[in-house]
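Residue numbers (the UniProt record's numbering): 1 to 139. What follows is a short report on a single structure.
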């Protein structure tokens with residue numbers, strides 16, 4: 001039985017689909033929504049602004065709040081509660097670091113911008129290949 005599920009989410013439609021799948025198919029599971037805020041990178045962008053923040057953790061929490069608000073709204077439609085967690089760093093690595101504490105990971109096929117997918121790689125693929133627990137890819 002799958003009792004604890006990790007659902008990594010960004011602000012993509014596919015991440016919403018992953019949470020929806022989880023809520024529909026595992027209504028009794030404890031669901032943790034994980035949002036990973038990218039750390040500083042040589043490509044700059046949003047990560048640079050995060051790195052320049054006085055309180056990086058507070059800035060990461062602020063960036064995650066929209067994702068969490070959307071996730072809570074979706075969970076409320078299923079009369080479910082979720083736990084939320086923010087981590088800093090590379091998304092696939094952060095998910096894999098947390099996966100062992102759960103019975104399964106449910107994630108969307110892809111997320112983020114095209115540039116993120118090309119440069120960072122496909123997070124779903126990396127998690128699927130390296131997870132210590134079963135991974136469900138929702139479309």
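We treat Cβ as the ideally placed atom computed from N, Cα and C, and that holds for glycine.
Boundaries (first-last residue) of the alpha helix (DSSP H) holding residue i
i: residue 104; result: Per DSSP, residue 104 belongs to no alpha helix (DSSP H); it is in the beta strand (DSSP E), 104-108.
i: residue 86; result: From DSSP, residue 86 is part of no alpha helix (DSSP H) but of the beta strand (DSSP E) over 82-88.
i: residue 123; result: 123-130
Coarse secondary structure for residue i, derived from DSSP in three states
i: residue 27; result: coil
i: residue 91; result: helix
i: residue 67; result: helix
i: residue 51; result: Unreliable positioning characterises residue 51 in this predicted model, as indicated by a pLDDT of 46, which lies under 50. The coordinate reading is nonetheless provided below. In this structure, residue 51 counts as helix in the three-state DSSP scheme.
Straight-line gap, residue i to residue j (C-alpha atoms, nearest Å)
i: residue 61; j: residue 86; result: 6 angstroms
i: residue 151; j: residue 97; result: This structure does not reach residue 151, given that the chain is present from 1 up to 139, and the question cannot be answered.
i: residue 76; j: residue 108; result: 20 angstroms
i: residue 124; j: residue 137; result: 7 angstroms
i: residue 5; j: residue 29; result: 7 angstroms
i: residue 130; j: residue 8; result: 15 angstroms
i: residue 90; j: residue 78; result: 30 angstroms
i: residue 122; j: residue 128; result: 10 angstroms
Test item: CB-CB of residue i and residue j under 8 angstroms
i: residue 84; j: residue 68; result: yes
i: residue 104; j: residue 2; result: yes
i: residue 80; j: residue 23; result: yes
i: residue 133; j: residue 94; result: no
i: residue 16; j: residue 74; result: yes
Nearest-angstrom beta carbon gap, residue j and residue i [assumed within contact, 8 angstroms]
i: residue 21; j: residue 135; result: About 12 angstroms; that fails the 8 angstroms criterion.
i: residue 82; j: residue 71; result: 6 angstroms
i: residue 66; j: residue 92; result: About 22 angstroms separates the two Cβ atoms, so there is no contact after all.
Residue i, enclosing beta strand (DSSP E) - first and last residue
i: residue 5; result: 4-8
i: residue 133; result: Residue 133 -> no beta strand (DSSP E), and no H or E assigned at all.
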